[in-house]
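Mind the numbering: the sequence shown is residues 1 to 458 in our numbering, read in order. Every residue, glycine too, gets a C-beta built ideally from N, C-alpha and C. As the structure is a prediction and not an experimental result, all values here were calculated from the model. Have a look at the structure below before the remarks.
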Amino acid sequence: MPNPKIPHPPRLPFLGNTHQIMGKEVVANMLKVTKENAPIFEFSMSGHKDIYICNNELADSVLTSPHFHKAVSKPMQQIRNFGGDGLFTAWSHEPNWQKAHNILMPGFSRNAILSYFPIMVGCINQLMDTWRTKHAGQLIDIQGDMNKLTFDVIGLCGFDYSFEGFTKEETHPFVHAMELALNESVKRAFIPAPIRALRFQKNKKYWASANYMANLVDEIIQHRKANPDSSKTDFLNLMLQSVDKDTGEQLSDENVRYQIVTFLAAGHETTSGLLSFAFYELLRNPEYLAKAKAEAAELLANGTDAISMKDLNKLDFLRKFLMETLRLYPPVFMFTVYADKDTTIGAKQYPVKEKQMVRVFTYHIHRDKAVWGENADQFDPENFDLSRMAKRKKTTFLAFGSGQRTCIGQHFALMEAMLTICMVLQNFDLELAEGYQFELANNVTLRPKDLKIRVTPK
Ligand code: HEM
1 MPNPKIPHPP
11 RLPFLGNTHQ
21 IMGKEVVANM
31 LKVTKENAPI
41 FEFSMSGHKD
51 IYICNNELAD
61 SVLTSPHFHK
71 AVSKPMQQIR
81 NFGGDGLFTA
91 WSHEPNWQKA
101 HNILMPGFSR
111 NAILSYFPIM
121 VGCINQLMDT
131 WRTKHAGQLI
141 DIQGDMNKLT
151 FDVIGLCGFD
161 YSFEGFTKEE
171 THPFVHAMEL
181 ALNESVKRAF
191 IPAPIRALRF
201 QKNKKYWASA
211 NYMANLVDEI
221 IQHRKANPDS
231 SKTDFLNLML
241 QSVDKDTGEQ
251 LSDENVRYQI
261 VTFLAAGHET
271 TSGLLSFAFY
281 ELLRNPEYLA
291 KAKAEAAELL
301 ANGTDAISMK
311 DLNKLDFLRK
321 FLMETLRLYP
331 PVFMFTVYAD
341 KDTTIGAKQY
351 PVKEKQMVRV
361 FTYHIHRDKA
371 VWGENADQFD
381 PENFDLSRMA
391 KRKKTTFLAF
401 GSGQRTCIGQ
411 HFALMEAMLT
421 ICMVLQNFDL
431 ELAEGYQFEL
441 ANNVTLRPKD
451 LKIRVTPK
């Protein structure tokens, strides 16, 4: 039947469906609601009726259509309070998106990222020194440490600034400010504006965090402008020195600030989530651990200085393993597009109105049995064997988003993750905390809850 009505879970007057996901466990509630109502349903929140899609047939229809474009969702609109029209939170039609995309793309190629390896190696060495000197044989909070690592790496690769995650006892205030600003942005997105205005204390802390981040990044930009150093190959120099090939224009200082804040926001928790899930899967599967150790030994046979692109391309198991980790645990578990006209989606031609938001629910799409088979929920790196990948549509794997607005930092994240896993496995014996019961944490991005790992130097 063409144009069937899109179903929806029962709604309450005024609240719509909001009550079904709000509460302490937003992520768990969201996964439950989407699973129960898959593959397609309408969800009413804050007066909007968004469509959720949860299988590949529908995702493919939306993501290959010229009538759907990235939407700056409600939480993203709040993140614009400090990320402005940075790459992640800009609408595609805003001039700064294309400009920044053109200027920054060369800095994120695989070859460019290889030049950041000495910085990454330095940060990973600091992580391992801390484990060796302070936590040998003890349980560590892997997500916390991976967060510190990824923050340090982006700070140094991005603008030569150290957040000193492992060299100082106290966490850098910027890290707290970012965490508060991101979490509060998501909450603000679902609270009606008049009520939001009454959250005086929360608002005060929110704006103080946003201002703190802006001031610190502005100082860094001004310092670099006053002390130019063309030998540095970080993102800051790239942004201050390059012009957009289309317009011949440079980025404004304000936009450079937005991009830096964006890289920190978009790049640290996602990559640290990937690393935490990856260690979890490695440590509960001896066969995968042995394969990963063998590749680590080969990569690091001549030390970290000698790593070339050819060596990285040989890490076939780790590549498959990380992709499979991202399939089952995509840190960004959904993204949003909107229709530019009244249209339909899927073979059943579900109707979508102009400007209506469609939420592409990566988490379930990655577990679609029609694509991944009856064992779709099971971890199997061979899903990313090159010959199997060649047979699948691009839209079956959406951990880094899709199309024009796909993740600019994906090679950066994957190369950082590979290097971290290899260096850690070469130097430490790792063990999951006894009796650990896997659960997902309630967080803006997906991560394992309370995962502890024992780290013993070799
Ligand atoms: C495993 C790690 C990562 C994952 C899973 C991830 C995921 C994603 C996803 C799903 C999107 C698309 C969002 C949308 O369509 O609304 C995206 C965009 C983006 N990501 Fe990542 N990301 C990761 C790492 C990074 C890193 C390390 C950086 C920067 C250093 C970064 C910077 C960005 C930026 C700037 C965008 C917006 C690109 C644009 O629209 O032009 N990401 N990411």
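Checklist entry - Counting along the chain, where does the beta strand (DSSP E) carrying methionine 357 start and finish? => result 357-360
Next on the checklist: Rounded to the nearest angstrom, what separates valine 256 and glutamate 42 at their Cα positions?
Outcome noted: 38 angstroms
Item to check | Three-state secondary structure (DSSP) of aspartate 246 | outcome: coil
Checklist entry - Can you name the residues that DSSP bridges to methionine 45? => result His48
Checklist entry - Comparing alpha-carbon positions, which option in Gly267, Lys5, Met22 and Phe333 lies nearest leucine 156? => result Gly267
Next on the checklist: Considering only heavy atoms of the ligand HEM, does any lie closer than 7 angstroms to the CB of glycine 137?
Outcome noted: no
Checklist entry - For alanine 306, does the three-state DSSP call read helix, strand or coil? => result coil
Checklist entry - Would the region 51-64 and the region 383-403 be scored as touching if the rule is three or more Cβ pairs under 8 angstroms? => result yes
Item to check | Secondary structure, beta strand (DSSP E): runs of 3+ residues fully inside the region 9-34 | outcome: none
Next on the checklist: What does the Cβ neighbour count give for leucine 326, buried or exposed, with the cut at 16 atoms within 10 Å?
Outcome noted: buried
Item to check | Where aspartate 429 falls: helix, strand or coil (DSSP) | outcome: strand
Checklist entry - Do you know offhand how far phenylalanine 174's Cα is from aspartate 385's? => result 40 angstroms
Item to check | C-beta contact flag for leucine 451 and tyrosine 329 at 8 angstroms | outcome: no
Next on the checklist: Give me, in chain order, the residues of the same chain whose beta-carbon lies closer than 7 angstroms to that of proline 75; leave out the 5 immediate sequence neighbours on both sides.
Outcome noted: Ser185, Val186 and Ala189
Item to check | Coarse secondary structure for isoleucine 6, derived from DSSP in three states | outcome: coil
Next on the checklist: When you measure from the CB of lysine 148 to every non-hydrogen atom of the ligand HEM, does any distance come out below 7 angstroms?
Outcome noted: no
Item to check | For glutamine 138, the three-state DSSP class (helix, strand or coil) | outcome: strand
Checklist entry - What beta strand (DSSP E) runs, 3 residues minimum, are completely inside the region 315-376? => result 335-339, 343-345, 350-352 and 357-360
Checklist entry - Mind pulling the beta strand (DSSP E) runs of 3 or more residues that sit fully within the region 255-315? => result none
Item to check | Per-residue burial, isoleucine 195 [other beta carbons within 10 Å of its own, 16 or more giving buried] | outcome: exposed
Next on the checklist: Taking the straight line between their C-alpha atoms, what separation do you get for isoleucine 453 and alanine 433?
Outcome noted: 5 angstroms
Next on the checklist: Quick check: the Cα distance between leucine 236 and threonine 18, rounded to an integer number of angstroms?
Outcome noted: 41 angstroms
Checklist entry - Cα-Cα, which of Glu169, Met423 and Leu251 is closest to histidine 101? => result Leu251
Checklist entry - First and last residue of the beta strand (DSSP E) that includes valine 72? => result Neither: valine 72 is in no beta strand (DSSP E) and is coded neither H nor E.
Item to check | Close beta carbons around phenylalanine 400, own chain, < 6 angstroms, minus the five adjacent residues each side | outcome: Thr406, Cys407 and Gln410
Checklist entry - Alpha carbon to alpha carbon, what distance is there between arginine 319 and leucine 414? => result 8 angstroms
Item to check | Contacting residues, own chain, Cβ-Cβ under 6 angstroms from proline 351 (five flanking each side not counted) | outcome: Asn3 and Thr344
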